[in-house]
Each structure stands twice: as structure tokens, then as C-alpha cells.
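First the structure, in the form of C-alpha cells, and then the observations on it.
Residue numbers (my numbering), protein chains in the order written: chain P, 1 to 675; chain Z, 676 to 886.
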């Protein structure tokens, strides 16, 4: 099977090269047979990548330890589902995953794109094919997943215990789907530039792709946070690690694009900016991959250092130069159709929203690269950790949260004073009430207070929008408020789905603010001994150590420490945390003992316990107990975000075709109309 | 600390209950590897010494926690300094998370010792920087070139924001002027399709003709 996989890689490599050369040569123009060959090549590359992937999976499930990748990431005792997910546990497999998913998206783009945009497809095929060609090149010449060992070990090295988690089965592919799907909007943008079809066609063609990509990135990031929280045992979910930052960067620019593209659709403005943003987003997705795989920046997430970093750096630089040069050559043809009329308009709010989003992206990128910059400039290596990122980004994040509430309240083109008063009264009032109530309850920290106050403002905005829309439907159609709200969402999916996304964002911000009130304590307890922990919400937990039990389970030897929990003296059940020593089929230890945390979630807070170890081999256990306020709202916020995104991209309703602006819009149109 | 493959700490055979044995045998007979079934939690053999773990080699051995471990001042200091083991975490997070690390507990002991010797927080930070280099700090000191790290994003965003406001303000003024000029023009004659510019030209031509 490895031979077949190897063959599929080479075949895919040659076909992708053919597709790219054919596309960029432009020979397909006026030659239907060559155009058909181009489309066929895209499907054939997908077929090759599927065959290669199946070959690797076959090697994994049959424990073919002669394959270096299989021996490195699996063992005979590894549960089947983790053997399956070991496909993307390492550098080589994840490169193959990237190639097969990109080939799938590339084929889907050819297959599903409306005939209206058919002229762009040959160029799209070229861009996607050259990207796939690059990934296969990296595999064939630097990180081949089918590389064989000179001998066959009796068992593999197994999968890192921290990767033996449901989150790691879903989070990396989800993030990859996000990174990879960005290639399709990028390819359409390049196709528009190459073909000279610079109308809104390419934007309509990529609308679903951009939202899909944003959704995958969002879900991938939140799942990554969840994995870090439940698996790594530090009681947090975001550490501003370079690899985390790398996933956040394209999310920020993609979010900026999703907002600014509305201005292009409605007003014919920001054409250059939108193209620059989508190119930047693609480059940041490649940059993220470069950071993860090059080892150029120290990170807890990085793959082993290898030469693939150079490939990614070269690809990043070449594609960046080519894409922005292409944009520059078409610069004059990308003039805005109208000019922005007022500083107090939806367009201006979106511009400032873009400024903040791109500003945060820049500051994250700046902070991530600053250690390298510092070493180059002053010869001193510095560490840029969470204190730096929090200091720089929290004010920008708060500005963004404020704009999330302001944007929907301002009218397009120009808002009058009366309109502003009418729109802002309730949201500002609700924000103020929330802040005052919090103050009266004793909250004195500035940032959490501002965050929750602003969240109240955004909630007021969204509530007002829903209420006014529903009330209008209730009056006009006589529908009940519930039905009116549901139909309101159904008929205006993009707008109200977007508001639901805003709700998800504000819930996330509130949850982040809760992190400031985290409480933790270490304790060493003999069986029967208790410790008390006071929650920021005022109640007290009494935690009584019951003992440590040990047993063998699946591929591991488990030591489970259990505590009895009482809340304000009332029994509230038991919690356990484990030490897991993984063993292979030869009953040898794999890796160091890993920790499984115990978590008890409620709407208020999570009680988080970590069994750190034992004293002198006895049941006297060292624990770390943590109270994490509002953590559950991070996951709920993530779900709301994704649900809102799905509503936004769900087919039907008044889509962009109904909302599309008239041919002539703006000031001139108004003058002409009024004459 | 037990090391991987150390024969002295390998788990010994765990007593298998009869039910577990029958289940395992059934799994083997029906072609499934015994490893892939989920064995029931098994009780360890009766430990010879009550309170001692049945297999202490599979758990990290830790020192009893002290008051200093929970001292908020020390925690805060440790969150400002990086563990030098290469994990990229601060000392506090590393010592309370990565229980295989021997560096962070040692660094913690150093912080506690310096604190108990009467050094202030800043003096402790300076001592660590002197011994381990500036990259021991989780965030660079805001001085010299490092200031660029802190200030460049904020300055850039503010600068672009101000330019944006200025450009928008100017455009708004131009448009307001154009609107005012338009308002000053006479009303278009109903039924005549002409732009305000055309009407203005027409009016000028009429005035010229009248002269």
C-alpha cells in the first residue's frame, strides 16, 4: 500500500503541475478540450490524494511499523479511534491531510460554482493546483509520510498522551479546514485579477467559502481552547503561544474581510482593500503553517524542527510578492464607485472595525515576531508572553467590542442626530446599567468592568435590532412575536445571523473577563483531610481527599485521586483527577505520566482539580484546586458563534442578490435622482 | 523520578478478575484483540503497607506543598518569569502544570529563598535577569528598543485612525459644500430631465444671453 500511496503522490504532483502550467499559460482560452482537461486534472489530483490518504490510513490501522510515520505516532495498544486520528498527529500526515482537503475543496469549487462565474474557474484551478503542487513537493522531497525504516520495530512509539483526547481528534482537522478553505477565496481573488473581471462576481462566488472558512477557523480555535483547558491541566485556555497566535491571525483578517466586503457589495467601495485583505489572509494561513513547522519561534505546540520551514518561507515570500504585484498592476481599475459621505455612517463604522481588527492582527504578529526582531536589532533575545499581549491587545479588544455594538446602530451613508439619539438610547442605557450593577456588587477591576459594561451595550444593540424587526413583522403580518422573530431571522439570514455571531462574541468577552477572578490553591492532603476554597461568588467549597486508587485501563496504568466536594457544607458529589502512565504491547512505559484533570462545570464557575502527584509513594496527594469563573460561557459563546455563522451562510432567505445595490449608488446617484 | 523503561518501576501483573478473564477470552475468540476492549477497573492487590500506593512508580513524586506555594506575591512574581526548561511557560504555570519538569520547582525554591532573604519583588526580578538573561522575563522591560514592542501597534492604529478621521472629515466637508451648492441652485423644472450641473450651465447661458 505504501507503494500505491507513493505512486499517488507522484501522480498527483505531475497532474497538479500540468493543471497549473495549463491554467497560467492561458492556452485553454478558446480551446474547450484543454479547458475540460484542466477541470479533469483538478478532479484527478483529488483522486490521487484520496488514494494516498487511504494508503496511509491502511498503514496506520494495520500497524505497519516499517513505515516511519506509523512507528512514530502509534503503537499496538493505542485505541482504534486514536490510530485513526494519528493521521494528522505528526508533520508528515498533517501535510497529507492539508493536500487531500485542499484537493477536495478545489474540486468542489469547480463542481459547485455557479455558471455565472465559470470564466473565473480555469484561473481558480491554476491557483489551487499550484498550492497543492507545493504541498506535494514538500511531502515528496522533505516530509514523506510513506518513508520506510531500515528495520521493522515490534511496536511503535505511541501517540503523545496529550494528543489522546477527543479535542485533538476534532480540533486540528477543524483548524486545517479553516486554513485550507482560505485558499479558495484567495484563488477567486487571484482569478479576478488575472482575468480582469473585477466586478462583484468574484465576491459573490466566494461568499459561502469565506463564511465557511471563518466558521472552520472559529470552531477550530474554540475547540483548541477547549482541548488546552481539559487536557493540558493549567486551568487556562489561551496562552498567546505563537501557534495559537498563528491561528488567530487569519481569523482576524477574515473577520475584517467579512465586514468590509459588505461595503463593496452595497456601495462599490474598498475594492483594493478587500483584495489586499483576502491575499493577506491566505498569506497568514501559510505563515501560521510556517511558524508551526519551522521551529523558528519557540512554542509548546510546534512540530519537530525540520527543513519544511524553508519550503514554507519560500512559498510565503513568492506568493506574497506575486499576489500583491498582481494587485498593483490592476490598481487603477479598482477605483471606488462612490465616495464615503459621512464620518457618522455604517461604512465609516465598518472602516474603523477593519482598522481595529487589522490593528489587533498586526499587534499579535508584531508580538509573535518581536523576539526575532529584538535579537536582530539589539542582539538580545526577549520573551514575549501573555503579560505583553494582554497589555497591548486588551484595549484594542475593548475598542472592537464597542464597535460591535456601534456598527449596527448607524445608518448607511449618513446618520442624522435624531437617528443616532433614537438608536443609541437603549443600548447605551443597558451598558450603563450593567456596569453600575457590577460596580454595586463590588467589582472594581477596570478591564472586567469595562468588558462587561460594553457587553451590556452590545447586547442592548442586538436586542433592539431583534425587537424592532419583530415588532415590524408583528404589526404588518400579525404574527406572534416568536414567529415574527423566527421569520425575521429566516428571511434576513445574513443580517440576523450576523447579530447572533455578535452575541457569541460578547458572551466570549464576558467569559474572558471572568478569567481575571480565577482562584487557585495547592494543597497536600492525606485521605480524610480537607481544604477550603472560597469562590469569587462568595460560597465556599470544602474538598476532602478520599484516596488514590490504581488500575489498568486500555493502554494505560491509571492512578486516580478522588475528592468529596461540599458547597457551603452541602455535599455536591465527587471529583477525580488522574495520572496516566501509558504502556505499549511489550508492557514498557510510553512517555512520562500524564495528567487528566477533573472538572465540575456550572453557569457560574468551573471547579478544576489537578492531581499533581503523591508524597513518598503514599496516598498522601498533592492537588491544585482552581476556581475558574464563567469558563463554561467560553464554550457556549463558541457554539453561539458557530450557530450564527451557519445561519448566515444557510441557503435561501433574502440572499445577497436581493440586497445587491443598484447599479449607480452614492452621492452622484442621489444628485441625479433628485434632479 | 521514574524514567521510562526503568525496570524497577514497571507495573507488575495486575490480578485479573474471573469476569474480566472470561470477557477477555471471549474477545480473543471472536477475533478482537484483548487490548482493544475496555477492561473493567481492577482493584490492586492488597497493599502490604496501608496508605502506600500499589504502584508508586507510575505517579510523579512531589514534595508536600508549603505556604510559600500559595503565596499570592510569589505566584505573581513567578508569573512574570519564564521557566528555563524550554517549555515557554512561566515558572508558576510550569511548576503547577508540567509535573515532569524539575527546573520550575527549583526556580520556585530560588524565588522563595530570595523573598525570604528580604529582597523586594523588583530585586528578585533583577537577580533572575542577571543570572538567566533578559529572556527570563515573560514580557520585555519597557525600555530601549523594547519600547517599540509595546508602542508600535498602538501608535500605528492611532495614526491610521487619525488619518482616516481626517480624510473622512475632509470628504464630508467637500460633500457638504457640494450639497449646499446644489441646494442654492433653482429647483429643476418639473418634467425636464437634467442634472443640477446641466441646469446650472443652462442658467449661466441664459444670463449670458440676457446681457
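Even glycine gets a Cβ: it sits at the ideal position worked out from N, Cα and C. Values in this document were obtained by computation on a predicted structure and should not be read as measured data.
First and last residue of the uninterrupted beta strand (DSSP E) at residue i
i                      : result
residue 549 of chain P : 540–553
residue 571 of chain P : 570–583
residue 614 of chain P : 605–614
residue 84 of chain P  : Note, residue 84 of chain P: premise wrong, no beta strand (DSSP E); alpha helix (DSSP H) at 80–85.
residue 508 of chain P : From DSSP, residue 508 of chain P is part of no beta strand (DSSP E) but of the alpha helix (DSSP H) over 493–514.
residue 530 of chain P : 530–534
Residue i, enclosing alpha helix (DSSP H) - first and last residue
i                      : result
residue 27 of chain P  : No alpha helix (DSSP H) contains residue 27 of chain P, which DSSP labels as neither H nor E.
residue 801 of chain Z : 796–807
residue 378 of chain P : 346–378
residue 469 of chain P : 446–477
residue 163 of chain P : Looking at the DSSP string, residue 163 of chain P is not in any alpha helix (DSSP H), and its letter there is neither H nor E.
residue 399 of chain P : 386–406
residue 318 of chain P : 308–329
residue 105 of chain P : 91–112
residue 266 of chain P : 242–267
For residue i, the nearest candidate out of the options (CA to CA)
i                      : options                       : result
residue 534 of chain P : P:629, P:648 and P:76         : P:629
residue 795 of chain Z : Z:748, Z:854, Z:845 and Z:775 : Z:748
residue 638 of chain P : P:478, P:507 and P:593        : P:507
residue 391 of chain P : Z:815, Z:726, Z:845 and Z:844 : Z:815
residue 772 of chain Z : P:144, P:235, P:32 and P:68   : P:235
residue 254 of chain P : P:559, P:276, P:240 and P:647 : P:276
residue 734 of chain Z : P:10, P:287 and P:610         : P:610
residue 405 of chain P : P:448, P:457 and P:440        : P:457
residue 58 of chain P  : P:240, P:308, P:1 and P:183   : P:1
residue 407 of chain P : P:465, P:378 and P:363        : P:465
residue 270 of chain P : P:377, P:361 and P:339        : P:339
Identity of the residues DSSP links to residue i by a beta bridge
i                      : result
residue 741 of chain P : The structure shown has nothing for residue 741 of chain P, since chain P only spans 1 to 675.
residue 645 of chain Z : Residue coverage of chain Z in this structure runs from 676 to 886, which leaves residue 645 of chain Z outside it and unanswerable.
residue 523 of chain P : P:623
residue 590 of chain P : P:582
residue 204 of chain P : According to DSSP, residue 204 of chain P bridges with nothing at all.
residue 629 of chain P : P:605
residue 600 of chain P : P:607
residue 736 of chain Z : P:614
residue 291 of chain P : DSSP output for residue 291 of chain P lists no bridge partner at all.
residue 558 of chain P : P:551 and P:580
residue 756 of chain Z : Z:812
residue 765 of chain Z : Z:757
residue 752 of chain P : No answer is possible for residue 752 of chain P: the residues shown for chain P start at 1 and end at 675.
residue 67 of chain P  : P:148
Check: Does the segment 191–198 of chain P come close enough to the segment 252–263 of chain P to have 3 or more Cβ pairs within less than 8 Å?
Finding: A contact between stretches requires three or more CB pairs, one per stretch, nearer than 8 Å, and the segment 191–198 of chain P fails this requirement with the segment 252–263 of chain P.
Check: At a cut of 8 Å, does the segment 442–454 of chain P reach the segment 422–429 of chain P through at least three beta carbon pairs?
Finding: Between the segment 442–454 of chain P and the segment 422–429 of chain P there are fewer than three inter-stretch CB-CB distances shorter than 8 Å, so the stretches are not counted as touching.
Notebook entry, point to check: Any residues in the segment 785–817 of chain Z with a beta carbon nearer than 8 Å to a beta carbon of chain P? Which ones, in chain order?
Noted result: The residues in question are 808, 809, 810, 811, 812, 813, 814 and 815.
Next item on the list: Evaluate the contact criterion for the segment 313–320 of chain P versus the segment 366–386 of chain P: three or more CB pairs, one atom per stretch, below 8 Å.
Entry: In this structure the segment 313–320 of chain P does not lie against the segment 366–386 of chain P, because fewer than three pairs of beta carbons, one per stretch, are closer than 8 Å.
Note to self: Taking contact to mean 3 or more Cβ pairs, one atom from each stretch, closer than 8 Å, check whether the segment 792–807 of chain Z and the segment 754–766 of chain Z are in contact.
What the structure shows: They touch, by the three-pair rule.
Item checked: Under 8 Å (Cβ pairs) to chain Z, residues found in the segment 176–208 of chain P -> Those residues of the segment 176–208 of chain P that come within reach of chain Z (Cβ to Cβ, closer than 8 Å) do not exist; the list is empty.
Item checked: Within 8 Å of chain P by C-beta, residues of the segment 769–785 of chain Z in sequence order -> Taking 8 Å as the Cβ-Cβ cut-off against chain P, the residues of the segment 769–785 of chain Z that qualify are 771, 772, 774 and 775.
Check: Taking any Cβ of chain Z, which residues in the segment 519–530 of chain P have a Cβ under 9 Å from it, in chain order?
Finding: Residues 520, 521, 522, 523, 524, 526 and 527.
Notebook entry, point to check: Going along the chain, which residues of the segment 743–764 of chain Z sit with their C-beta nearer than 8 Å to a C-beta in chain P?
Noted result: Answer in chain order: 744, 745, 754, 755, 757, 761, 762, 763 and 764.
Item checked: Positions along the segment 225–250 of chain P whose CB lies within less than 9 Å of some CB in chain Z -> From the segment 225–250 of chain P, only 232, 233, 234, 235, 236, 239, 241 and 242 have a Cβ closer than 9 Å to chain Z.
Notebook entry, point to check: Listed from N- to C-terminal order along the chain, which residues in the segment 396–412 of chain P have their beta-carbon within a distance smaller than 8 Å of any beta-carbon of chain Z?
Noted result: Answer in chain order: 396.
Next item on the list: Residues of the segment 831–850 of chain Z with a CB closer than 8 Å to any CB of chain P: list them in chain order, please.
Entry: Residues of the segment 831–850 of chain Z that bring their beta carbon within less than 8 Å of a beta carbon in chain P comprise 831, 832, 835, 836, 839, 840, 843, 844, 846, 847 and 850, in sequence order.
Margin query: Check whether the segment 842–849 of chain Z and the segment 340–353 of chain P are in contact - that is, three or more C-beta pairs closer than 8 Å.
Written below: Under the Cβ criterion (8 Å, minimum of three pairs), the segment 842–849 of chain Z counts as touching the segment 340–353 of chain P.
Check: the segment 334–349 of chain P: which residues have C-beta closer than 7 Å to a C-beta of chain Z, in chain order?
Finding: Here the close residues are 339, 340, 341, 342, 343 and 348.
Notebook entry, point to check: Any chance the segment 60–69 of chain P sits against the segment 119–127 of chain P, with 3 or more Cβ pairs inside 8 Å?
Noted result: Under the three-pair Cβ rule at 8 Å, the segment 60–69 of chain P does not count as touching the segment 119–127 of chain P.
Notebook entry, point to check: Are the segment 4–24 of chain P and the segment 39–46 of chain P in contact at 8 Å, needing three or more beta carbon pairs?
Noted result: Flag = yes, the segment 4–24 of chain P and the segment 39–46 of chain P touch.
Note to self: Between the segment 174–181 of chain P and the segment 141–153 of chain P, can you find at least three pairs of beta-carbon atoms closer than 8 Å?
What the structure shows: Of all C-beta pairs linking the segment 141–153 of chain P to the segment 174–181 of chain P, fewer than three are shorter than 8 Å, placing the two stretches out of contact.
Note to self: Under 8 Å: do the segment 606–623 of chain P and the segment 515–527 of chain P share three or more Cβ pairs, one atom per stretch?
What the structure shows: Touching, yes.
Notebook entry, point to check: Is the segment 202–211 of chain P touching the segment 126–140 of chain P in the sense that three or more CB pairs, one from each, lie closer than 8 Å?
Noted result: Contact between the segment 126–140 of chain P and the segment 202–211 of chain P is absent, because fewer than three Cβ pairs lie under 8 Å.
Checklist line | Chain-ordered residues of the segment 614–638 of chain P with a beta carbon less than 8 Å from chain Z | finding: Those residues of the segment 614–638 of chain P that come within reach of chain Z (Cβ to Cβ, closer than 8 Å) are 614, 615, 616, 617, 618, 619, 620, 622 and 624.
Notebook entry, point to check: Between the segment 532–551 of chain P and chain Z, which residues of the former have CB atoms less than 8 Å from a CB of the latter, in chain order?
Noted result: Correct list: 548, 549, 550 and 551.
Next item on the list: Tell me, please, whether the segment 350–360 of chain P touches the segment 772–788 of chain Z by the rule of three or more beta-carbon pairs shorter than 8 Å.
Entry: Result no; under three Cβ-Cβ pairs closer than 8 Å.
Note to self: Please identify, using Cβ separations under 8 Å, the residues of the segment 585–603 of chain P that lie next to chain Z, in order along the chain.
What the structure shows: Listed in sequence order: 585, 587, 588, 589, 590, 591, 592, 593 and 595.
Next item on the list: Scan the segment 503–518 of chain P for residues whose Cβ lies nearer than 9 Å to a Cβ of chain Z and list them as they occur along the chain.
Entry: Cβ contacts with chain Z come from no residue of the segment 503–518 of chain P.
Item checked: Positions along the segment 372–388 of chain P whose CB lies within less than 9 Å of some CB in chain Z -> Going along the segment 372–388 of chain P in chain order, one finds 373, 374, 377, 378, 380, 381, 382, 383, 384, 385, 386, 387 and 388 with a Cβ nearer than 9 Å to chain Z.
Notebook entry, point to check: Touch check for the segment 66–81 of chain P and the segment 574–587 of chain P: three-plus C-beta pairs under 8 Å?
Noted result: Yes, the segment 66–81 of chain P touches the segment 574–587 of chain P.
Next item on the list: Would you check if there are 3 or more beta carbon pairs closer than 8 Å linking the segment 370–381 of chain P to the segment 274–288 of chain P?
Entry: Cβ pair count under 8 Å is below three, so no.
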